[in-house]
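See structure below.
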Amino acid sequence: QKEVEQNSGPLSVPEGAIASLNCTYSDRGSQSFFWYRQYSGKSPELIMSIYSNGDKEDGRFTAQLNKASQYVSLLIRDSQPSDSATYLCAVKKARYKLSFGAGTTVTVRA
Amino acid sequence: KAGVTQTPRYLIKTRGQQVTLSCSPISGHRSVSWYQQTPGQGLQFLFEYFSETQRNKGNFPGRFSGRQFSNSRSEMNVSTLELGDSALYLCASVMTPGQDYGYTFGSGTRLTVV
Numbered sequence: 001q002k003e004v005e006q007n008s009g010p011l012s013v014p015e016g017a018i019a020s021l022n023c024t025y026s027d028r029g030s031q032s033f034f035w036y037r038q039y040s041g042k043s044p045e046l047i048m049s050i051y052s053n054g055d056k057e058d059g060r061f062t063a064q065l066n067k068a069s070q071y072v073s074l075l076i077r078d079s080q081p082s083d084s085a086t087y088l089c090a091v092k093k094a095r096y097k098l099s100f101g102a103g104t105t106v107t108v109r110a
Numbered sequence: 111k112a113g114v115t116q117t118p119r120y121l122i123k124t125r126g127q128q129v130t131l132s133c134s135p136i137s138g139h140r141s142v143s144w145y146q147q148t149p150g151q152g153l154q155f156l157f158e159y160f161s162e163t164q165r166n167k168g169n170f171p172g173r174f175s176g177r178q179f180s181n182s183r184s185e186m187n188v189s190t191l192e193l194g195d196s197a198l199y200l201c202a203s204v205m206t207p208g209q210d211y212g213y214t215f216g217s218g219t220r221l222t223v224v
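This is the structure in structure tokens:
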């Protein structure tokens, strides 16, 4: 079983729509959860972090965490072409290791 | 402030050679992690260093090694290169490895083994 699993995608959404990305993790003891965005040919960039159950909003991004279901998601509202990228879910279960999912590629159609 | 700096940006090596990659973390960041990214495997954790000590290691052969210096700069070394080692190697730093901090990545070193 993989430590972190994401929808394989790709996900194509029209401009202005909501993009919904999902991630599950295997270790119930995981405490910290992150979403990174990676543009083609670039390095990952941290866009959201969440540690407690519930929702966390930052601009057009909302992260949702449900530790009981071992599930974390990212919503991108009012999607823009500039949101077209690969989104990586990352989970920290040990103090010295951040594990990543395979990523979901999002394409926003103008 | 300056971000995470990785050098060199690109490398071409021959099978059997060894290579050393360098990472300078953000000023004040004391923990450095290394990752290998390939299209097929995604981001794979190599190791994490804090206070000059390797704190965790991923499932890579012993040909992959690293170290961290007193100024928090880190190097990773790959010996006896194989074609499958061709990848983007990413370094990430964080102030302390507490659970509430996100890591900042460098631009990476693209290694091609021929």
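Residue numbers (my numbering), protein chains in the order written: chain A, 1 to 110; chain B, 111 to 224.
Ideal Cβ positions, reconstructed from N, Cα and C, are used throughout, including at glycine.
- Message: For Thr190 of chain B and Ala17 of chain A, I'd like the C-alpha separation in whole angstroms.
- Response: 49 Å
- Query: Does any C-beta atom of chain A lie closer than 8 Å to the C-beta of Asp174 of chain B?
  - Reply: It should be pointed out that residue 174 of chain B corresponds to Phe in this sequence rather than to Asp. For Phe174 of chain B, the answer is no, since every Cβ of chain A falls outside 8 Å of its Cβ.
- Query: Nearest to Ser26 of chain A by CA position, among A:Gly41, A:Val106, A:Gly103, A:Lys67, is which residue?
  - Reply: A:Lys67
- Taking only beta-carbon positions, decide if Lys67 of chain A is within less than 8 Å of chain B. no
- Measure the alpha-carbon distance for Gln164 of chain B versus Glu158 of chain B and round it to whole angstroms. 6 Å
- Where the beta strand (DSSP E) through Met186 of chain B begins and ends: 184–188
- Cα-Cα separation between Leu21 of chain A and Ser73 of chain A, rounded to whole angstroms: 5 Å
- Message: Let me see if you follow: with CB-CB separation under 8 Å, is Pro207 of chain B close to chain A or not?
- Response: Pro207 of chain B counts as touching chain A.
- Span of the beta strand (DSSP E) around Gln147 of chain B: Start and end: 141–148.
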